[in-house]
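With the working numbering, the residue at position 23 of the sequence shown is 23, and numbering never jumps.
The next block holds one structure in the form of structure tokens; read it before the comments.
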Amino acid sequence: MNSNPYNFPVLHRSGLALYVLEVVYAIPCPWRSLINGEVRILSCRPWGEKGSSVLLKLKGSIDQEKIAGKNLHITSMYRLRDGQSLVILRTNSCPCRISGLNEMHIISSRIDAGIIKVRMICENKSEAKNLLSRMRASGIRIISAKLRTIREEDILTPRQEEALILGFIKGYFDNPRRIDLGALSKELGVSKPTAYSMIKRAIRKLIRQTLYI
1 MNSNPYNFPV LHRSGLALYV LEVVYAIPCP WRSLINGEVR ILSCRPWGEK
51 GSSVLLKLKG SIDQEKIAGK NLHITSMYRL RDGQSLVILR TNSCPCRISG
101 LNEMHIISSR IDAGIIKVRM ICENKSEAKN LLSRMRASGI RIISAKLRTI
151 REEDILTPRQ EEALILGFIK GYFDNPRRID LGALSKELGV SKPTAYSMIK
201 RAIRKLIRQT LYI
């Protein structure tokens, strides 16, 4: 009998672990039908008995006529300088409530090209498998699911985080750079080779976390 029926590409280690589940799925999401193009879900939480309240970031704005008769309500909308908008919407019925997605620790969510990609924190593999079972049982079509164990060596050390943040603030990553490696290393109180190593390792960790490699 296969002990891993979902074929998760899981990295194992001893001791406590932090599990990140990434699910790509397609459902008749109330928010997806409103906008042509990409929408980023910044936050989604339960509202009422079966509904949800969602904070969206999207290009342009939402036409009030498009949501007429769709059981959706705009509670707030703010136009940003770059032409995008922050919108808070409410609905009295949301498929995510049925599946239990709203109960998870979601760290990122995005709607793009008719599908939804969600990353969330799970306490263990059993919680991840139970969620996927509930999603399928509620009629959600799962396109892909990946579960990854975040290892201790994947987490930025305080000094690596400091190097990245200081480098960003001082303009080390700008083009052209506003500060060179020598000046940045002095700000950090380390040698140039050490500063370079700190930044390189920090970026490598962020790439691994983002691309799941």
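Positions of the beta carbon are idealized from the N, C-alpha and C atoms, including for glycine.
CA-CA distance, glutamate 49 to isoleucine 106, rounds to 20 angstroms. Glutamate 22: member of the beta strand (DSSP E) spanning 18-26, first to last residue.
By the beta-carbon neighbour count (other beta carbons within 10 angstroms, threshold 16), tyrosine 25 is buried. Beta bridge pairing from DSSP links leucine 72 with Thr91. Membership of isoleucine 165 in the alpha helix (DSSP H) is indicated by the continuous run 158-170.
The three-state reading of DSSP puts arginine 136 in helix, counting H, G and I together. When only Cα atoms are considered, isoleucine 62 and glycine 167 end up about 38 angstroms apart.
Looking at the DSSP output, methionine 104 sits in no beta bridge, so it has no partner there.
Residues Gly48, Lys50, Gly51, Asn71 of the same chain have their beta carbon placed closer than 7 angstroms to that of asparagine 92, with the five preceding and five following residues left out of the count. Going by beta carbons, tyrosine 172 and leucine 184 fall inside the 7 angstroms limit. C-alpha of threonine 157 to C-alpha of valine 54: approximately 33 angstroms in a straight line. From the listed residues Ala202, Glu187, Gly182, Ile203, the smallest Cα separation to proline 193 is found for Gly182. In the three-state reduction of the DSSP assignment, arginine 208 falls in the helix class. The residues Leu55, in chain order, have a CB closer than 6 angstroms to that of serine 43 in the same chain once the five nearest residues on each side in sequence are set aside. Separation of leucine 80 and histidine 73 (C-alpha to C-alpha, rounded to the nearest whole angstrom) is 20 angstroms. Each of Arg119, Glu103, Ser108 was checked against the Cα of serine 144, and the nearest Cα belongs to Arg119. In the DSSP assignment, serine 185 falls within the alpha helix (DSSP H) that extends over 181-188. Listed in chain order, the non-local C-beta contacts of arginine 136 below 8 angstroms within the same chain comprise Ile142, local neighbours out to five positions each way being set aside. Of the residues assessed, serine 109 falls on the buried side of the cut-off, its CB having 16 or more other CB atoms within 10 angstroms. A residue is called buried when at least 16 other Cβ atoms come within 10 angstroms of its Cβ; isoleucine 116 meets this threshold and is buried.
With 16 or more other CB atoms across the displayed protein chains lying within 10 angstroms of its CB, tyrosine 19 is buried. Under the 10 Å beta carbon count, arginine 204 is surrounded by fewer than 16 other beta carbons and is classified as exposed. Close CB contacts of isoleucine 199 within its chain, under the 7 angstroms cut and outside five residues either way in sequence, are with Ala163, Leu164, Gly167 (chain order).
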